[in-house]
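Residue numbers (my numbering), protein chains in the order written: chain B, 1 to 428; chain F, 1001 to 1428.
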């Protein structure tokens, strides 16, 4: 019998470690000059559950945002997209429990008023306040929770890790746990010195997850002195490789929002796209996004496994991305993983169905580094060994199309009874 | 309160009734000159379960076929596609229990040998015998069941409704019931007279269903004297509007095959695409395909509902089709229906995510003829009335994009716990 080698998967971009960034405390408040709060405002009917988050910079600072491409976009997306385009902001108010989507002019007016309340309390211009919402679609957002929650959140703003954690808690919907992370590292300067920079953030997301040019709600921050153009470039590049490579259920939300605050409090020279320090800061932002994106896939509604799909040997980047998404969104592949079944036939069928051309007898497939298909034909499988590998919380599928040198990686999760329960029983 | 009217859905094309065709007995044997058999050959390990079907014309006759576009196509698809291209055939042998997919040259040789066995027993050329398989992917097809089953099937060939029914039984996999239908009607001739024609067939299919240019296994027949070109045109047109408008789980099979035999035994003039009788016969074939396609959606793995998605007011046919498929494949829409939840927010989000441009404030949505969204804003809903409507085995969703005059209709089913059970537990 031939000795088949596993496919060689391109190294995962552990962008933070590669650039010497190490984990630190603080989440969205790790960056100097950032404060946060999470309070019980009353958007939700669960007593004591935090449902309003406020994130603020000590002063108006650089800001960049990216938002859903869904044609049905929510009122806060319309408002925040326009304001973030200016490149500066002071704060962002976020709520869970109501998405303020499909709510027309009254919804837009509620979004505007919520930012005015925050602006008054902080003493800034309402144009410098962004807003995001998540929850039920098509129900007018009650305004009373803002009137109760915004003063409490402003009064409670803190620079501590605990404050950041409370904000991360307040945006959760079907998430089973809050999702936050932060790193610190040295950013090189033109004169050869370095400046210590922090990058962190939180996000929420678990269902209606196939972000497209944005993610579910996510607030990131850094104290690196990024210019508005550099902040936008670094954010878009990071989101493209992280949140946009996640799918839970192929359903793109109406409310996807990802915002980056850059306070500049770390000091040092202003960082433009061509600056010495740009690559390092951009990598750290990507590292934060990668961490959060994996958390979203891993916490996909009802999931029991984080699934990484690697496509290799594609004739183009587009081909690699389309095949990866086709496999990651296949209900048959996702239920097979739930059943601990290395069902390469379903992987092959999902790759073959999406319009990308290849020769089926040039295809190789691995499940968790075990070759199961070579040149389109199945290999004998040690079922006991494979079942043991399925005990891991992470499952990796790799497929080489044998057509070229392009590759793509996407994160997803399995499809389980709990997904059906959660979503077949959401309103009742 | 305004009085909102339900969306006006384009009339369903009840092609058979429109052209005066009425149901008759006989399934694939309703057409004069067609015989069938279904026997226990041993592809499956369930005692007494029929797993080999044979369909034959009394003589070599006109034949047309359409097959999966999946790049991973099975050996019988490769063989039958080439043979059907000739426009004539005598018989088709079908098995369940093994798909003969990803089986390489040995798989192709098994497919060839199976047709040779049939040809010898029928006394025809092997080139005039087609083959189709359905079942597990990636396992070599055992040949012994053909050696046992083919002689039994040839000996058992019958022209009766019972024989047709046994063939329909033998191709079932996860189907909960056999799917067959037949109609008869009058086809006009150039001289003003008419000829009585029969059209019928069977199919199987329940999972890995998003046929693309073909369906799961389906064998159709008519005794109308179609030319090869007319048979091919009528089959493609019918499949495009029927089987290709079904999705159970967005997964296109490796084995999709749909074949039409036209025996000509009804008599009358040869029917070309321009003939007086062409439209009538083509409509009857579409009627048969529509019936079978609805059965496939309705019997989707684990389903409790047949779901019809109607998209209206699209700017182009392509836009209408893409939005219809996006809604029909949305796990959130499908689980909502399982939960008897008229969750128009998920329908709106699925319409908005797929790259088709529209103004969200021009969109209307109905659930089962009840307006729930007008001009992008929700209407008050009588929840009790809606729950009563969800008791029906059929659920209809209609959405108008307000952009133009194109429409599309697609059939699907809900996403349930049983789908996860069936597919999370397929091999174990």
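Beta carbons are placed, not taken as given, at the ideal position from N, Cα and C, and that holds for glycine. Small disclaimer: the values here were computed from a predicted structure and weren't measured.
Does the beta carbon of residue i come closer than 8 Å to any beta carbon on chain B?
{"i": "residue 1357 of chain F", "result": "yes"}
{"i": "residue 1072 of chain F", "result": "yes"}
{"i": "residue 1087 of chain F", "result": "no"}
{"i": "residue 1377 of chain F", "result": "yes"}
{"i": "residue 1413 of chain F", "result": "no"}
{"i": "residue 1408 of chain F", "result": "no"}
{"i": "residue 1142 of chain F", "result": "no"}
{"i": "residue 1018 of chain F", "result": "no"}
{"i": "residue 1417 of chain F", "result": "yes"}
{"i": "residue 1331 of chain F", "result": "yes"}
{"i": "residue 1005 of chain F", "result": "no"}
{"i": "residue 1263 of chain F", "result": "no"}
{"i": "residue 1275 of chain F", "result": "no"}
{"i": "residue 1208 of chain F", "result": "yes"}
{"i": "residue 1204 of chain F", "result": "no"}
{"i": "residue 1213 of chain F", "result": "Legend: pLDDT at residue 1213 of chain F = 48, less than 50; position of this residue unreliable, value from coordinates given subsequently. Cβ-Cβ to chain B under 8 Å: no for residue 1213 of chain F."}
Along the beta strand (DSSP E) that carries residue i, what are the first and last residues, could you check?
{"i": "residue 68 of chain B", "result": "Neither: residue 68 of chain B is in no beta strand (DSSP E) and is coded neither H nor E."}
{"i": "residue 298 of chain B", "result": "Residue 298 of chain B -> not in any beta strand (DSSP E); alpha helix (DSSP H) instead, spanning 278 to 298."}
{"i": "residue 1357 of chain F", "result": "No beta strand (DSSP E) holds residue 1357 of chain F; DSSP gives it neither H nor E."}
{"i": "residue 117 of chain B", "result": "It is not in any beta strand (DSSP E) - residue 117 of chain B instead sits in the alpha helix (DSSP H) that spans 104 to 122."}
{"i": "residue 374 of chain B", "result": "370 to 374"}
{"i": "residue 366 of chain B", "result": "364 to 367"}
{"i": "residue 190 of chain B", "result": "Note, residue 190 of chain B: premise wrong, no beta strand (DSSP E); not H, not E."}
{"i": "residue 395 of chain B", "result": "394 to 400"}
Step through the CB atoms of chain F and report whether any lies within less than 8 Å of the CB of residue i.
{"i": "residue 315 of chain B", "result": "no"}
{"i": "residue 243 of chain B", "result": "no"}
{"i": "residue 318 of chain B", "result": "no"}
{"i": "residue 380 of chain B", "result": "no"}
{"i": "residue 137 of chain B", "result": "yes"}
{"i": "residue 66 of chain B", "result": "no"}
{"i": "residue 296 of chain B", "result": "no"}
{"i": "residue 8 of chain B", "result": "no"}
{"i": "residue 362 of chain B", "result": "no"}
Could you say which of the options lies nearest to residue i if we only look at CA atoms?
{"i": "residue 331 of chain B", "options": "F/1392, F/1250, F/1145", "result": "F/1250"}
{"i": "residue 19 of chain B", "options": "B/374, B/199, B/236", "result": "B/199"}
{"i": "residue 1191 of chain F", "options": "F/1268, F/1302, F/1053, F/1423", "result": "F/1268"}
{"i": "residue 388 of chain B", "options": "B/368, B/65, B/219, B/245", "result": "B/368"}
{"i": "residue 1276 of chain F", "options": "F/1298, F/1193, F/1317, F/1014", "result": "F/1193"}
{"i": "residue 77 of chain B", "options": "B/55, B/35, B/129", "result": "B/129"}
{"i": "residue 112 of chain B", "options": "B/9, B/94, B/131", "result": "B/131"}
{"i": "residue 423 of chain B", "options": "F/1040, F/1343, F/1017", "result": "F/1343"}
{"i": "residue 1421 of chain F", "options": "B/222, B/391, B/334, B/143", "result": "B/334"}
{"i": "residue 413 of chain B", "options": "B/120, B/339, B/307", "result": "B/307"}
{"i": "residue 1429 of chain F", "options": "F/1264, F/1281, F/1110, F/1246", "result": "It is not possible to answer for residue 1429 of chain F, since the shown part of chain F is limited to 1001 through 1428."}
{"i": "residue 1337 of chain F", "options": "F/1202, F/1229, F/1304", "result": "F/1304"}
{"i": "residue 1168 of chain F", "options": "F/1180, F/1340, F/1176", "result": "F/1180"}
{"i": "residue 56 of chain B", "options": "B/67, B/35, B/73, B/74", "result": "B/35"}
{"i": "residue 1203 of chain F", "options": "F/1289, F/1222, F/1062, F/1271", "result": "F/1289"}
Can you tell me which residues form a DSSP beta bridge with residue i?
{"i": "residue 412 of chain B", "result": "B/307"}
{"i": "residue 1182 of chain F", "result": "F/1200"}
{"i": "residue 1023 of chain F", "result": "F/1183"}
{"i": "residue 9 of chain B", "result": "None; residue 9 of chain B has no bridge partner."}
{"i": "residue 1098 of chain F", "result": "F/1134, F/1136"}
{"i": "residue 323 of chain B", "result": "Beta-bridge pairing links residue 323 of chain B to no other residue."}
{"i": "residue 963 of chain F", "result": "There is simply no residue 963 of chain F to check, as chain F begins at 1001 and stops at 1428 in what is shown."}
{"i": "residue 57 of chain B", "result": "B/34"}
Terminal residues of the continuous alpha helix (DSSP H) containing residue i?
{"i": "residue 385 of chain B", "result": "383 to 389"}
{"i": "residue 338 of chain B", "result": "331 to 338"}
{"i": "residue 1166 of chain F", "result": "1161 to 1170"}
{"i": "residue 1039 of chain F", "result": "Residue 1039 of chain F -> not in any alpha helix (DSSP H); beta strand (DSSP E) instead, spanning 1034 to 1039."}
{"i": "residue 1258 of chain F", "result": "Not the alpha helix (DSSP H): residue 1258 of chain F falls in the beta strand (DSSP E), residues 1257 to 1262."}
{"i": "residue 1220 of chain F", "result": "Run containing residue 1220 of chain F: none in the alpha helix (DSSP H); it sits in the beta strand (DSSP E), 1218 to 1222."}
{"i": "residue 1018 of chain F", "result": "1015 to 1018"}
{"i": "residue 1149 of chain F", "result": "1144 to 1156"}
Can you pull the chain A neighbours of residue i, defined as C-beta to C-beta under 8 Å?
{"i": "residue 338 of chain B", "result": "The displayed structure is made up of protein chains B and F, and chain A is not among them."}
Exercise. Counting pairs of Cβ atoms below 8 Å between the stretch 1347 to 1358 of chain F and the stretch 251 to 262 of chain B, do you hit three or more?
Worked result: yes
Problem set entry | Cβ contact (3+ pairs, closer than 8 Å) linking the stretch 1028 to 1043 of chain F and the stretch 1148 to 1156 of chain F | yes
Exercise. Counting pairs of Cβ atoms below 8 Å between the stretch 281 to 291 of chain B and the stretch 381 to 400 of chain B, do you hit three or more?
Worked result: no
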